[in-house]
Amino acid sequence: MTKEKREIIIFLIFTLAVLITPFFLQGSYFLNVLVFIGINTMLAVALNLLLGYAGQISLGHAAFFGSGAYISAILTARFGLDPWLALGVAAAANGVLAFVIGFPILKLKGHYLAMATLGFGIIMFIIFNETVSITGGPSGFSGIPNIKISSLVFDNDWNNYYLIWIITLLVMLLSINLSQSRIGRALRAIADSEVAARVMGVNARRLKVQIFTVSAVISAIAGSLYAHTMTFISPTSFGFNFSIELLTMVIIGGLGSIYGSFLGAAILTILPEFLRVLHDFDIIVYGLMLIIMTMYMPGGLISGLQQIAEFAGGKIKSRRANHA
Amino acid sequence: MLRLEGITKIFGGLTALEDVSLEVKKGSITGVIGPNGAGKTTLFNIVTGLYTQTSGKVYLGDKNISLLPTELLAALGLVRTFQNVELFGKMTVLENVMVGLHTKSRSGIISCAFKLPRQIKEEKQIKEKALHWLEFTGLAAEAQNTAHNLPFGKGRILEIARALAVEPQLILMDEPAAGLNSQETAQLALLIRKIRESGVTIVLVEHDMDLVMDVCDSVIVLNLGKKLACGTPREIQENKAVIAAYLGDG
Chain W
1 MTKEKREIII FLIFTLAVLI TPFFLQGSYF LNVLVFIGIN TMLAVALNLL
51 LGYAGQISLG HAAFFGSGAY ISAILTARFG LDPWLALGVA AAANGVLAFV
101 IGFPILKLKG HYLAMATLGF GIIMFIIFNE TVSITGGPSG FSGIPNIKIS
151 SLVFDNDWNN YYLIWIITLL VMLLSINLSQ SRIGRALRAI ADSEVAARVM
201 GVNARRLKVQ IFTVSAVISA IAGSLYAHTM TFISPTSFGF NFSIELLTMV
251 IIGGLGSIYG SFLGAAILTI LPEFLRVLHD FDIIVYGLML IIMTMYMPGG
301 LISGLQQIAE FAGGKIKSRR ANHA
Chain L
1 MLRLEGITKI FGGLTALEDV SLEVKKGSIT GVIGPNGAGK TTLFNIVTGL
51 YTQTSGKVYL GDKNISLLPT ELLAALGLVR TFQNVELFGK MTVLENVMVG
101 LHTKSRSGII SCAFKLPRQI KEEKQIKEKA LHWLEFTGLA AEAQNTAHNL
151 PFGKGRILEI ARALAVEPQL ILMDEPAAGL NSQETAQLAL LIRKIRESGV
201 TIVLVEHDMD LVMDVCDSVI VLNLGKKLAC GTPREIQENK AVIAAYLGDG
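Top to bottom, those sequences are chains W and L.
So the first sequence is numbered by this note's numbering: it starts at 1 and just counts up by one.
So the second sequence is numbered by this note's numbering: it starts at 1 and just counts up by one.
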């Protein structure tokens with residue numbers, strides 16, 4: 001079986017699992033959690049394209065998520081725009097924003113890039129929080145309309161589940177395609193050796209800005225969908241802590257693995273449900289997870305699972321060989 | 001093929017290169033030698049746009065490439081390898097060479113994400129060509145290995161394979177034999193000749209004198225940032241100034 005065929009089969013199995021899961025669940029609580037996992041998967045995939053493939057860090061990605069959510073909320077609730085149109089505007093606006101700020105800051109490398117994106121995230125958070133007349137400030141923004149397709153309104157968990165997950169699956173598929181193409185290779189080349197990539201004719205500067213833009217657009221789409229499914233948003237969802245959570249999802253799941261991003265998103269969405277008893281100290285657990293993962297499983301859970309599978313496979317093979 | 005006119009490079013108070021002019025003939029193998037710190041790698045970095053010279057001009061054929069950024073040079077047929085082997089370590093050997101074909105393909109983010117028919121066709125061509133270059137350099141058996149798992153000698157060859165995938169007119173090799181054993185160096189010499197026979201001009205910076213004297217048509221000697229001598233390997237071996245620079249003139 002070729003690598004490509006295997007990828008297609010894995011994706012089909014994953015899609016099937018996603019589509020039938022709701023039929024095995026009782027009550028809306030689990031569906032609701034799965035909706036969040038879908039949104040977080042989109043965000044983790046978006047950040048993974050930037051961090052896992054191109055090797056460029058962002059500590060401010062929650063800002064694009066928030067900006068997408070607020071633009072969509074304001075356009076629909078205040079100006080009566082159709083949610084789909086608002087989603088498009090939010091995506092486009094964040095694309096432009098990412099291009100404009102990405103162009104100067106992606107010149108920076110390592111810690112400096114981390115600091116610049118951190119600063120960007122904090123500035124955006126302050127805007128969400130302080131422009132009370134526009135965003136509603138700390139008390140949040142309510143009354144955001146649901147997404148509609150003619151008479152079908154996405155106002156219950158069942159509908160939302162399929163809305164979010166179909167778009168998430170699409171984002172995953174497109175990202176997988178991208179990662180296996182010449183663009184994906186060029187991005188990974190930049191991460192491994194930017195100077196060698198440039199010698200091979202890869203325009204590293206332009207490609208980094210492009211992928212930063214793509215990443216921001218996906219994050220904004222996730223933000224817009226979040227706003228329309230929750231119908232209420234507040235700045236705390238889009239702060240520095242959430243940027244770190246996204247980073248944790250990508251690293252725990254596995255840098256450069258799209259399914260890893262899903263795994264990371266799932267774990268970090270479910271875990272807080274169990275960590276409620278710790279209140280604000282839950283961030284300590286995330287920190288510990290990051291430390292342990294980077295020390296003992298730097299490829300993330302996905303590559304850890306692969307290693308275990310290969311190890312087990314190797315044992316079976318050698319046992320068979322011994323028997324023969 | 002390659003012509004440098006009066007290249008000077010000053011780093012702060014240090015003059016790394018001073019008024020270096022040289023010419024590399026099409027289809028030749030030219031060696032650049034000199035003691036450590038002579039400015040050989042600086043010269044390569046200037047030609048490939050990684051450094052900007054303080055003054056002087058670089059021509060590739062008739063084209064003035066003095067101020068072109070690195071990433072535009074591959075498309076013009078100029079490529080290099082690195083002294084400290086700059087492979088894409090986490091990618092497979094095949095993928096490394098496929099990156100070398102970046103300038104031979106056009107698909108953008110959109111057509112890659114949606115796998116448009118044109119992109120699928122292009123991808124197939126990239127893979128075929130990359131496999132061809134792995135065959136050419138004798139690395140075909142390693143195609144699916146991860147690059148950082150390659151033994152050092154094969155890593156050096158992979159850098160050359162990746163550079164060949166650009167289909168360059170001119171390859172600059174920065175100490176391709178450094179760290180190789182004598183058997184690997186002999187294979188490298190064969191490969192260098194094979195590349196020249198396919199019509200590619202080669203410039204190599206090298207400390208391995210046996211290799212330089214064996215494969216090069218002409219040799220340029222740098223010392224303390226200045227061009228000390230140039231000529232055939234035999235002329236260089238007999239040049240008094242060169243012997244003095246290497247052994248001291250005591």
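Virtual Cβ for every residue (Gly too), placed ideally from N, Cα, C.
Cβ pair count under 8 Å reaching 3, the stretch 168-185 of chain W against the stretch 106-115 of chain W: By the Cβ rule, the stretch 168-185 of chain W does not count as touching the stretch 106-115 of chain W, because fewer than three pairs are nearer than 8 Å.
Tell me whether the beta-carbon of ILE134/W lies closer than 8 Å to the beta-carbon of ILE71/W. No, these two residues do not count as a Cβ contact at 8 Å.
Whether VAL97/L touches ALA130/L by CB criterion (8 Å): yes
Check for me: the alpha helix (DSSP H) holding ASP157/W runs from which residue to which? 157-179
Determine, using beta carbons only, whether ILE183/W comes closer than 8 Å to chain L. yes
Taking C-beta pairs closer than 8 Å, name the residues in chain L that ASP192/W reaches, listed in chain order. Those are LEU87, PHE88, GLY89, LYS90 and MET91, listed as they occur along chain L.
Jot down the residue ranges of each uninterrupted alpha helix (DSSP H) in the stretch 54-118 of chain L, minimum 4 residues, whole runs only, in chain order. 70-73, 93-100 and 109-113
In whole angstroms, what separates the C-alpha of LEU228/L from that of ALA74/L? Rounded to whole angstroms, LEU228/L to ALA74/L spans 30 Å at the Cα level.
Rounded to whole angstroms, what is the Cα-Cα separation between LYS104/L and ILE157/L? Just so you know, the alpha carbons of LYS104/L and ILE157/L end up roughly 21 Å apart.
When the Cα of VAL205/L is compared with those of GLU235/L, LYS25/L and THR81/L, which residue comes out closest? THR81/L
Compare the C-beta of ARG118/L against all C-beta atoms of chain W and say whether one is closer than 8 Å. no
Compare the C-beta of MET200/W with all C-beta atoms of chain L and state if any pair is closer than 8 Å. yes
List, in order along the chain, the chain L residues whose C-beta lies closer than 9 Å to that of GLN56/W? Ordered by position in chain L, no residue passes the 9 Å Cβ test against GLN56/W, which lies about 15 Å from the chain.
Report the rounded CA-to-CA distance for ALA189/W versus LEU268/W, giving the unit in angstroms. 29 Å
Pairwise C-alpha distance: GLN187/L and LEU163/W: 59 Å
Based on the DSSP secondary-structure assignment, which residues constitute the bridge partners of MET173/L? LEU204/L
In angstroms with no decimal places, state the Cα-to-Cα distance between ALA113/L and PHE23/W. 31 Å
From which residue to which residue does the alpha helix (DSSP H) around THR229/W run? That run of the alpha helix (DSSP H) goes 204-230.
Looking only at DSSP bridge pairs, what is LYS148/W linked to? VAL153/W
Paired residues, beta bridge with LEU17/L - DSSP: LYS9/L
Step through the CB atoms of chain L and report whether any lies within less than 8 Å of the CB of GLN307/W. no
Take GLY49/L and list the residues in its own chain whose beta-carbon comes closer than 7 Å to its own, dropping the five residues that flank it on each side. Around GLY49/L, the same chain offers LEU68, PRO69, THR70 and LEU73 as residues with beta carbons nearer than 7 Å, after the five sequence neighbours per side are excluded.
Along the chain, which unbroken stretches of the alpha helix (DSSP H) at least 4 residues long are found entirely within the stretch 69-121 of chain W? 83-105
Assuming VAL35/W contacts ASP157/W under a Cβ cut-off of 8 Å, what Cβ separation, rounded to an integer in Å, is found between them? 7 Å
Taking Cβ positions, are ILE252/W and GLY287/W nearer each other than 8 Å? no
Starting from ASN223/L, trace the beta strand (DSSP E) both ways and give me its first and last residue. 218-223
Within 10 Å of its beta-carbon, does ASP192/W have 16 or more other beta-carbons around it, so buried, or fewer, so exposed? buried
How long is the line joining the alpha carbons of THR232/L and LEU180/L, rounded to whole angstroms? 25 Å
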